[in-house]
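K.L.:
I am attaching a structure below and will ask some questions about it afterwards.
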Ligand SMILES: CC(C)(COP(=O)(O)OP(=O)(O)OC[C@H]1O[C@@H](n2cnc3c(N)ncnc32)[C@H](O)[C@@H]1OP(=O)(O)O)[C@@H](O)C(=O)NCCC(=O)NCCS
């Protein structure tokens, strides 16, 4: 799969970011720091610097080139602003054909159905072009927005993992969910 992949939805375009997107990624990180930090690993101060963004983009492109993950940036069709991210991470091929899904939307876009719109296109790509069989998404029990989003997309609860991820400095329990292809086509 090429790192040049571009997906579209009614309000957005989605692609693996390129080196020239580093300033847009920095703006997204800074503008959404307070909004995203309760749901993400603790970030060092260097995370909010252009060098870190440039390195993250280089890493994202290499990860996609190696088919290990597809970290997408999402842009507003009208303003070209970066407004969300999502990532098909930790891809395992062989008999598993699975990955983990992570995502977030800008505070200014929350509650407008954007993440659902974006992930519908993203999941079509994951099950289509990427030929994945299982996409796993996990959320903290108190993340009600995330729970509702995944349920609406058809993800099913598979378990509950105690102290599963270190989020904002604490090992947090997570609800484990998956969306699974129900045929043997690939
Ligand atoms: C979780 C998160 C990605 C959800 O993003 P979102 O864009 O608000 O989610 P959705 O696309 O599902 O839209 C949510 C709401 O918009 C409303 N909405 C408005 N217009 C809509 C439309 N045209 N279509 C669908 N929903 C619409 C829906 O009613 C929905 O509300 P509900 O969940 O109460 O039913 C976002 O809250 C976020 O970034 N949180 C911080 C990071 C995070 O938690 N990441 C996930 C960690 S597991």
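Residue numbers (my numbering): -8 to 177. Just so you know, even glycine gets a beta-carbon here, dropped at the ideal spot from N, CA and C.
1. Find out if the Cβ-Cβ distance for the pair residue 75, residue 97 is shorter than 8 Å.
2. Just the C-alpha distance for residue 124 and residue 63, rounded to the nearest angstrom, thanks.
3. Can you tell me where the alpha helix (DSSP H) with residue 53 in it begins and where it stops?
4. Could you have a look at residue 109 and say whether DSSP puts it in helix, strand or coil?
5. Taking the beta strand (DSSP E) that residue 169 belongs to, which residues open and close that run?
6. Judging by CA-CA distance, which residue of 168, 44, 172 is the nearest neighbour of residue 19?
7. Would you list the residues sitting across from residue 89 in a DSSP beta bridge?
8. Looking at the structure shown, is residue 34 part of a helix, part of a strand, or coil, going by DSSP?
9. With distance defined between alpha-carbon atoms, name the residue in 88, 107, 82 nearest to residue 3.
10. Helix, strand or coil: how does DSSP classify residue 116 here?
11. Beta-carbon within less than 8 Å of residue 28's beta-carbon, same chain only, minus the 5 sequence neighbours each way: which residues are those?
12. If residue 117 sits next to residue 79, beta carbons under 8 Å apart, how far is it from one beta carbon to the other, in whole angstroms?
13. Evaluate residue 61 with the Cβ neighbour count: other Cβ atoms within 10 Å of its Cβ, from every protein chain shown; 16 or more gives buried, anything less gives exposed.
14. Can you tell me the Cβ-Cβ gap for residue 141 and residue 130, rounded? I've got them flagged as a contact below 8 Å.
P.N.:
Reading off the structure:
1. yes
2. 19 Å
3. 41 to 56
4. helix
5. 161 to 171
6. 44
7. 83, 125
8. coil
9. 107
10. helix
11. 34, 159
12. 5 Å
13. buried
14. 7 Å
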